[in-house]
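Structure first, then comments.
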Amino acid sequence: MVASWHRTEPREVRPFFQAQSAEESLQASRIKLFKDGDISDETSFDLDEVDFQKLDPVIFPNISDPSAWLPAGISSDDLEVALVATHSFLKRSEVLESFCLSSGEPPAQWTMAPKVLNLFAGGRNLKLSLALCLRNDREPVPGSPFIVGHWLAQKTFSIKSRATPTLFDLRTRTDEEWVAAQFPPKTLFFVEYAGGIADEGEENTYVARVYIHVDAHNRLVSSSSLSGAFQPFLAAEIVLSILTESLGEWKDLEVPHPTSPLATLLKQLGKNSPLTLDALKSAVTTPARARAILQDHLAVVQAIK
4 MVASWHRTEP
14 REVRPFFQAQ
24 SAEESLQASR
34 IKLFKDGDIS
44 DETSFDLDEV
54 DFQKLDPVIF
64 PNISDPSAWL
74 PAGISSDDLE
84 VALVATHSFL
94 KRSEVLESFC
104 LSSGEPPAQW
114 TMAPKVLNLF
124 AGGRNLKLSL
134 ALCLRNDREP
144 VPGSPFIVGH
154 WLAQKTFSIK
164 SRATPTLFDL
174 RTRTDEEWVA
184 AQFPPKTLFF
194 VEYAGGIADE
204 GEENTYVARV
214 YIHVDAHNRL
224 VSSSSLSGAF
234 QPFLAAEIVL
244 SILTESLGEW
254 KDLEVPHPTS
264 PLATLLKQLG
274 KNSPLTLDAL
284 KSAVTTPARA
294 RAILQDHLAV
304 VQAIK
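Count along the sequence shown from 1, then add 3; that gives the number in the numbering used here.
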């Protein structure tokens, strides 16, 4: 497997050992996914397509008493809590809300307007992060945050679509970059399989890098309806490419490693209609049939509205 090729924060920024007392300050924050749903402490949710039609996320920020964890040399005036939405497929990130820690009690809740949710593919594979971070630059001090946006604590809620397996990392290419890579300039996408689909899985790792034409990607970013309809179709094609290229690694397995990307994929695809490893092997030997199975399991038709 290959690790993700990008990070939201340079590795050398952390750890801020002088601010470790603040790391748990946001852990009591919670989320509600649906209007009449329960408020939850969970941080990861796997939803079906029908669930996204009623998704209405509300974040309930809860910050422990600053006097118990404020690091030396940092005051509440230096810090703010921000709610950040990110979507890895669309390469979109946006600060939705923020408030200064010294302004008193945090808002009871933060809602996500429908028009904003639509900018993030209707919530499919959305991450909502609460981050306690610096409001302004400070003089550098070893072990202490000093650049605006450096965070001291974070809690992230992940809303995942069972229709979009997380086997791959997505990158964009321009006409010139496609040609430089020896492809036609208007190539839509290409899957570069790296290996390890049946091996023990690790967090934030992928088995493939997928390149998509930047024009197509920009169109998806600008149109939530197109993105919602096209993502499951593209996912089916990408997963098919990965499965056909990797078949030699798992065709003789009886049971995949329980934490492997292959096991995760089977679990995702078999949520509503069970899919066994043997059935997947049989299908992949006939790619057209495998494509049909993936289109069904990834709800391609349902996404076209």
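All residues carry an ideal CB built from backbone N, CA and C; glycine is no exception.
Taking 7 angstroms as the cut-off, the Cβ atoms of LEU191 and PHE92 do not count as close.
For ASP68, the three-state secondary structure derived from DSSP is coil. The closest CA to that of ASP299, considering only VAL210, LEU272, THR279 and ILE42, is found on LEU272. THR267: not part of any beta strand (DSSP E); member of the alpha helix (DSSP H) spanning 264-272, first to last residue.
Across the set HIS216, PRO235 and PRO261, the C-alpha of PRO235 shows the shortest separation from the C-alpha of ALA295.
By the Cβ criterion, the region 120-131 is not in contact with the region 100-111, since fewer than three pairs of Cβ atoms, one from each stretch, lie closer than 8 angstroms. Every beta strand (DSSP E) of 3 residues or more that sits fully in the region 22-95 is shown, in chain order, as 33-37, 47-50, 58-63 and 82-90.
As the crow flies, the alpha-carbon of ILE42 is around 9 angstroms from that of PHE63. Under the three-state reduction of DSSP output, ARG174 falls in the strand class. DSSP links PHE160 through a beta bridge to LEU131. For ALA111, there is no enclosing alpha helix (DSSP H), as DSSP marks it with neither H nor E.
The Cβ neighbour count for LYS158, taken over all protein chains shown within 10 Å, is at least 16; the residue is labelled buried.
Boundaries of the beta strand (DSSP E) harbouring ARG212: 211-216, taken from the DSSP string. Under the DSSP definition of a beta bridge, GLU100 partners with LEU86. ALA71 is positioned such that its CB atom lies no closer than 7 angstroms to that of ALA156. Separation of the CB atoms of ILE162 and PHE48 is rounded to 5 angstroms, and the pair is thereby assigned contact status at 8 angstroms. In the three-state reduction of the DSSP assignment, GLU252 falls in the helix class.
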